[in-house]
Amino acid sequence: MFDAHGDVRLYSLFQDSVSTPLGVIETTYRSKTMLVRLRSGLASAALDPILALCRGLGYSVRFLDEGRRLLELSGPGDRTHRTRLEDHPDVAEVVDAGDSHERHARAVDRPDTIVRVGEAAFGGGHASIAAGPCSVEDYESLLELAKGALELGVPLLRGGVYKPRTSPYSFQGLGAAGLEMLAAVRAETGIAVVTEVLDPRDVERVAQVVDMIQIGTRSATNFPLLTEVGKSGKPVLLKRGFGATVREFQLSAEYILDEGNEEVVLCERGVRSFDSTTRNLLDVGAVAHLSAATHLPVIVDPSHAAGRADLVAPLARAGMAAGADGLIVEIHENPATALSDGQQAISLEQLRGIISDARKIAAMDGRSFDLSLPKEQKKDISAKEPIS
Ligand code: PEP
Ligand code: MN
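16 is the number that my numbering gives to position 9 of the sequence shown; each next residue is one higher, with no gaps.
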């Protein structure tokens, strides 16, 4: 009678069914209460048909305000009913209420979610960093980069093996062979790894190898994929769709959370804009907003926002200043030969500067920047650039 979230499945009270060529499928309901906000300026004569519709669908209805714009509906909570109301021309918004409160939203009594991946912790006053090549290219160079990153205290190695390239003729990643390289480097160095998955059929295999699964910007509305990573039991790094509103981004996260996976890190990586000076437009306003609106950690990817190595550091600083709980950065030992995104790859030395700056900015509002060094060394990470 209860699903994974403790929501009652109202078989007896509100059981409904849908006839399909395969037979009759039972539908179950999560929500008994919906709040419906009607369009402002609605003539009072327009209210009766809406009330009749709601009652006809099996809801008891009451207005919550004197202006008769906010309706509380109690009843079945069927998803198809919600859609009908959302599509109604006189309805401005439908909001779930009560026990179906959206799972990403910050609730008064709910602490920030801290997502721990290896030695990294994101959220709840902790910030950290993932770094690595855009694509895994070969074992030796991945190992060298991982060692170099670890020396700087980077606890999480990124590296794409399934690459979502704009052109089908571009390098598509090493696939399963790349995954094995990530596993081998993880075993050799102890660094945690994160990689992108594109295909729901790969989720299980990838989850067996990596510490965190990345959902890329192009997959942010691949709902079956989001559902699958929600079931994977692994922390998920969810990038914002390049054309997604903040609200759509939140709802993408909701697909993962709704599977019972609470370990979601939101990643702002820039949205497509009218201006191609930078590859994408880093939306620091979204970072600030999401930090307040959700209990989930929010990190920034300055590499894909900038698209240029020279702007990665300033955008990383901007993201941290807006309240980000960390960064994900692309690095390469020889950007000119990189198989993908070489223009935005930075060196380990440049990464050192970014980490140093990020720690200082995090410290400004009392946040710690978690690195994977022994304690004494953690203090020295910015030794080359004394805090001014
Ligand atoms: C990546 O991280 O290499 C990547 C493809 O990122 P995005 O999905 O943000 O473009
Ligand atoms: Mn990339």
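Each residue gets a CB set at the ideal place from its N, CA and C atoms; glycine is no exception. None of these values were measured; they are calculated from a predicted model.
- By DSSP's assignment, residue 81 forms a beta bridge with 40 and 67.
- In the three-state scheme derived from DSSP, where H, G and I count as helix and E and B as strand, residue 263 is classed as helix.
- The residue among 43, 145 and 131 with its C-alpha nearest the C-alpha of residue 345 is 145.
- With respect to the C-alpha of residue 340, the residue from 329, 328 and 358 having the closest C-alpha is 358.
- The closest heavy atom of the ligand PEP lies less than 7 Å from the beta carbon of residue 141.
- Between residue 151 and the set 355, 206, 202 and 371, the nearest pair of CA atoms involves 355.
- Around the beta carbon of residue 204, 16 or more other beta carbons lie within 10 angstroms, which makes this residue buried.
- Considering only 192, 224, 269 and 57, the residue with the shortest C-alpha distance to residue 139 is 192.
- Using a cutoff of 7 Å, the CB of residue 206 does not count as near the ligand PEP, since none of the ligand's heavy atoms is closer than that.
- For a cut-off of 8 Å, the C-beta gap from residue 376 to residue 134 is around 5 Å, short enough to register as a contact.
- Residue range 133-139 is occupied by the beta strand (DSSP E) that includes residue 139.
- In this structure, the CA atom of residue 170 is about 24 Å from the CA atom of residue 257.
- Under the 10 Å beta carbon count, residue 215 is surrounded by fewer than 16 other beta carbons and is classified as exposed.
- The C-beta distance from residue 125 to residue 162 rounds to 5 Å, short enough to meet the 8 Å contact threshold.
- Ranked by Cα distance from residue 237, the options 229, 263 and 186 are led by 263.
- Just measuring C-alpha positions, the residue of 279, 297 and 88 sitting nearest residue 273 is 297.
- Per the coordinates, the alpha-carbon of residue 109 lies some 7 Å from the alpha-carbon of residue 261.
- For residue 148, no pairing in a beta bridge is given by DSSP.
- The three-state secondary structure of residue 129, taken from DSSP, is strand.
- Rounded to the nearest angstrom, the gap between the Cα atoms of residue 160 and residue 154 is 10 Å.
- According to DSSP, residue pairing for residue 219 in a beta bridge involves 201.
- For residue 76 against residue 42, the beta-carbon gap comes to about 11 Å, at or over 8 Å, which does not count as contact.
- Per DSSP, reduced to three states, the secondary structure at residue 368 is helical.
- Residue state for residue 303 is assigned as coil, using DSSP reduced to three classes.
- In this structure, the alpha-carbon of residue 69 lies about 5 Å from that of residue 79.
- Taken atom to atom, the span from the alpha-carbon of residue 335 to that of residue 291 is near 15 Å.
- Excluding five sequence positions before and after residue 225, the CB atoms of its chain that fall closer than 6 Å to its own CB belong to 171, given in chain order.
- Under the three-pair Cβ rule at 8 Å, the region 232-249 does not count as touching the region 326-334.
- Annotation for residue 245: the continuous beta strand (DSSP E) segment containing it runs 243-246.
- The beta carbons of residue 323 and residue 365 sit closer together than 8 Å.
- Here DSSP, grouped into helix, strand and coil, assigns residue 167 to strand.
- In the DSSP annotation of this structure, the continuous segment of the beta strand (DSSP E) that includes residue 272 starts and ends at 271-275.
- Within the region 300-348, the beta strand (DSSP E) runs of at least 3 residues that lie entirely inside it are, in chain order, 305-307 and 333-337.
- Counting only residues of its own chain and dropping the five nearest sequence neighbours on each side, residue 58 has a CB closer than 7 Å to the CB of 68.
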